[in-house]
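Heads up: the structure comes next, in structure tokens.
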Amino acid sequence: MISEIRQVSTRRDRNAFEEAALPLMDYLFFKALKLTRNHNDAEDLVQDTYALGLRKFNMYEAGTNLKAWLARLQFNLYISQYRRRTKRPDGASIAGMEDTVRDRSHVKDDTELMEMLPSDLAHNDEFMHRLPREVREGLSVMDERYRDVLLMNVVGERSYKDIAESLSVPVGTVMSRLSRAKAFLRSYFDVHEPSAA
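What follows is the structure in structure tokens.
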């Protein structure tokens, strides 16, 4: 009974959060772009902001300025990520992984691979073996829900909305899964210390 109440409450919070916060995405993206000065990093920061905002939405005080609350979360996240990056030695970055996975030039001679859905590429040995070992291993142990969303976004360059429609899930779920996929790879790379390529 209590778990059912929590599920209903969580679903209601998620819907309320999406309804209120998604219209602020452009605003948060431009703020993130000013901070990061990099399109991919700005997208990641916005995703992380929305994921954190959703997790902490129960702490948001209704009637106050949601835009300012999310902007503060975003700024604090940026500072935390900056501190982590400056303490961590160079390793495989998510942006580098994205560039590697997104680059399908190595499959240009293979029409079949070029026409595959990004989510199907994870199950294609030929494509996976062309990736750097660290990326391949990280993707192979990642939860399929997260991996498919990551590949649909990174390789397929599909929008959150398009992915949400394809999977019949809310946009917030897509953002959350993408954020979790990237967080998984970050922690995987930290533990497995990939070699510089």
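In numbering that gives the first Met the number 0, the protein residues as written are 0 to 196. Backbone N, C-alpha and C fix where the C-beta goes; we use that ideal spot for every residue, glycine too. Fair warning: this is a prediction, and the values are worked out from it, not measured in the lab.
Beta-carbon gap between residue i and residue j smaller than 7 Å
i, j, result
"V154", "R176", "no"
"V168", "K160", "no"
"L214", "T48", "As displayed, the chain neither begins before 0 nor continues past 196, which places residue 214 out of reach and without an answer."
"L23", "K55", "no"
"L184", "G137", "yes"
Pairwise C-alpha distance: residue j and residue i
i, j, result
"E42", "A121", "23 Å"
"R144", "N152", "13 Å"
"E125", "L32", "36 Å"
"A15", "W68", "15 Å"
"A19", "R146", "28 Å"
"M141", "V45", "22 Å"
"H128", "N64", "48 Å"
"Y81", "D189", "16 Å"
"L53", "R132", "34 Å"
"R157", "L150", "9 Å"
"F29", "R135", "32 Å"
"F74", "S186", "22 Å"
"E17", "N123", "34 Å"
"A180", "N39", "15 Å"
"I78", "Y59", "21 Å"
"N37", "S139", "28 Å"
"L166", "D119", "14 Å"
"R83", "L21", "27 Å"
Reduced DSSP category for residue i - H, G, I as helix; E, B as strand; rest coil
i, result
"R157", "coil"
"S167", "coil"
"P22", "helix"
"D230", "No answer is possible for residue 230: it lies beyond the span of the chain, which begins at 0 and ends at 196."
"T172", "helix"
"N37", "coil"
"T63", "coil"
"R129", "coil"
"N123", "coil"
"K30", "helix"
"K55", "coil"
"K107", "Low confidence applies here, because K107 scores a pLDDT of 47, under 50, leaving its location unreliable and the question unanswered by this model."
"E17", "helix"
Whole-angstrom C-beta distance between residue j and residue i, which should lie under 8 Å
i, j, result
"S178", "A50", "4 Å"
"V173", "A163", "5 Å"
"N57", "D12", "6 Å"
"A70", "L130", "So it is not a contact: roughly 36 Å between Cβ atoms."
Any C-beta of chain C under 7 Å from that of residue i
i, result
"K181", "Looking at the structure shown, chain C is missing, and only one protein chain is on hand."
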